[in-house]
Structure formats: structure tokens, C-alpha cells
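Peer 1: In this text, residue positions in the sequence shown follow our numbering: the first is 189, and each later residue adds one.
A virtual CB, placed ideally from N, CA and C, is assigned to each residue, including glycine.
Because the structure is a prediction, the values reported are computed rather than measured.
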Amino acid sequence: MRPLTIQTALMGAMLLTPLLGAETHNIDIGMIITPFNANTDQGALWRLSDHLADDQYLVIYFYPAAMTGGCTAQACAYRDISPQFKQLDVEVVGISGDSVQGLQVFKEAYDLNFTLLSDVNGTLAQRFGVPYGDGGSLLRKVNDQEVTLNRGQSISRWTFVLNAQGQVVFKDTQVNAGQDANKVLDFIRRQKIEAKGD
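(1) Under the DSSP definition of a beta bridge, which residues are partnered with Arg235?
(2) Let me check one thing: in DSSP terms, what residues is Asn364 bridge-paired to?
(3) DSSP on Leu240, reduced to helix/strand/coil?
(4) What span of residues does the beta strand (DSSP E) with Gln333 cover, start to end?
(5) So the candidates are Gly354, Glu279, Val280, Leu304; which of them puts its Cα closest to the Cα of Gly290?
(6) What first and last residue would you give for the alpha helix (DSSP H) that runs through Gly323?
(7) Quick one: what's Val278 bridged to in DSSP?
(8) So which of Leu246, Asn227, Ala263 has the shortest CA-CA distance to Ile389?
(9) Does the beta-carbon of Arg378 have 16 or more other beta-carbons within 10 angstroms, so that it is buried, or is it exposed?
(10) In angstroms, rounded to a whole number, what distance separates the CA positions of Asn351 and Glu334?
(11) Just verifying my parser: in three-state terms, what is the DSSP assignment at Phe250?
(12) Tell me which residue opens and which closes the beta strand (DSSP E) that Phe348 is part of.
(13) Is the beta carbon of Val308 less than 8 Å from the beta carbon of Gly340?
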């Protein structure tokens with residue numbers, strides 16, 4: 189299965205708000221993200237501290253649900269320009285409320301070449317101040333087989349970029365799914381050019 193067209197970015201938009209009583213943080217540009225761990229699409233433990241390095245950037249983008257139109261368009265855009273991110277020493281990580289199993293299906297179905305993290309309880313969304321709401325289930329056909337994907341939370345589509353110190357240098361709360369990857373790439377290119385000029 190290969191990418192849907194960018195037009196699918198217009199489909200399936202979700203308006204989400206924090207769960208009642210959930211503690212959220214107002215993370216803004218200039219703030220430092222405290223260390224956190226999460227499970228990857230392969231079930232391994234991912235640690236933020238292992239992915240911060242000199243002269244590198246870490247893109248962390250939150251999205252509502254694997255295997256939906258806009259989220260697929262966004263993921264495939266990041267996949268398709270990954271060589272350009274690698275040239276700039278940039279790592280990309282996508283986060284959703286999907287289960288590890290659901291993320292495995294999503295990654296394999298679209299040949300995604302970056303890590304997906306599972307946030308079934310909304311813990312990471314809270315940490316970054318990203319709105320989220322009740323999850324659900326989706327039935328999708330993959331390789332001629334019907335698969336049920338479960339997610340604990342549906343998380344809003346927000347994107348962050350961290351520098352080597354874990355400091356937020358970019359934040360977008362009005363993400364266009366199909367254009368997100370290129371917007372982030374342009375931002376990081378400008379940052380690299382400005383750093384060379386200092």
C-alpha cells in the first residue's frame with residue numbers, strides 16, 4: 189500500500205479538547221522538554237535523552253489516528269523527504285494514541301521510514317500541552333485482510349522541533365497535514381543557515 193494523495197489531508201479533521209481533569213502543560217518556544225520514554229511501533233523503549241545530539245534537531249509531530257486520510261498524507265510526506273532531513277541531521281518521530289500493534293500496521297502499510305511512538309494514555313500529549321480526547325477503533329483493509337486498529341486517545345495535530353538541548357525552537361498548532369513536512373524542513377534549513385552565519 190502506497191501514499192494517498194495530498195487531497196486526503198483535507199479529510200477526517202478532528203477537533204479535540206483536553207480530557208476533563210487532565211493536567212496539561214503550556215509548552216512554548218524556548219522551553220526545555222523534560223526527559224520522557226515511550227513505546228515504539230516495534231514495542232521497544234524510546235528515550236528522549238538518546239535522541240538529542242550536537243547540531244541535530246528532533247521533529248516531534250502529534251497526529252490523531254493511524255491509517256486515516258490526513259494522518260497518512262502527513263506521514264507519507266515525511267517519508268518521502270526523509271533523505272533531505274537526514275542530510276541536515278534531523279530525526280523525525282510521530283506520536284499518536286494508537287496501540288503499538290496499530291502503529292506496526294501503519295508503518296508497514298505505507299513503508300514509513302521513521303519511528304512512531306504510542307501514547308495510548310495521552311501522557312505525552314499532556315506533557316506537550318496538546319489537546320486530546322477519547323480514542324476509538326478503525327477497521328481497515330491491509331493486504332486484502334481486515335485489520336482493527338485501536339487507539340486509546342485521539343490527539344490533535346501539532347508539530348514541535350527540538351534542538352540538541354531539548355529546547356523547543358518551533359511549534360505549530362495549526363498544522364496542514366500535507367504541508368507539514370516541507371514547512372518543518374524549510375524552518376530547519378533556515379536555522380542551519382543562520383547558525384553558519386554566527
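Peer 2: If we stick to the structure as given:
(1) The residue you call residue 235 lines up with position 47 of the sequence shown. Note: Arg235 sits in a beta bridge opposite Asn225.
(2) Position 176 of the sequence shown, counted from the first residue, corresponds to residue 364. DSSP lists no partner for Asn364.
(3) Reading the sequence shown from its first residue, position 52 is the one you call residue 240. Looking at Leu240 - three-state DSSP - the assignment turns out to be coil, as it is neither helix nor strand.
(4) Position 145 of the sequence shown, counted from the start, is the residue given in the question as residue 333. 333 to 343 is the span of the beta strand (DSSP E), which, as asked, contains Gln333.
(5) In the sequence shown, counting from the first residue as 1, residue 290 sits at position 102. For the residues Gly354, Glu279, Val280, Leu304, the minimum Cα distance to Gly290 belongs to Leu304.
(6) As a first step, residue 323 must be located in the sequence shown, where it is residue number 135. Segment 320 to 330 is the beta strand (DSSP E) holding Gly323; no alpha helix (DSSP H) there.
(7) As a first step, residue 278 is located in the sequence shown; it is residue number 90 there, counting from the start. BP columns for Val278 point to Tyr245.
(8) There is no way to answer for residue 389, as the model of the chain reaches only from 189 to 386.
(9) In the sequence shown, residue 378 corresponds to position 190, counting from 1. That one is exposed.
(10) The residue you call residue 351 lines up with position 163 of the sequence shown. The residue you call residue 334 lines up with position 146 of the sequence shown. Distance between the alpha carbons of Asn351 and Glu334 is about 40 Å.
(11) What you label residue 250 is simply residue 62 of the sequence shown in a count that begins at 1. In this structure, Phe250 counts as strand in the three-state DSSP scheme.
(12) Reading the sequence shown from its first residue, position 160 is the one you call residue 348. Element bounds for Phe348: 347 to 350.
(13) Taking the sequence shown and counting its residues from 1, one reaches residue 308 at position 120. Taking the sequence shown and counting its residues from 1, one reaches residue 340 at position 152. Contact flag set, yes.
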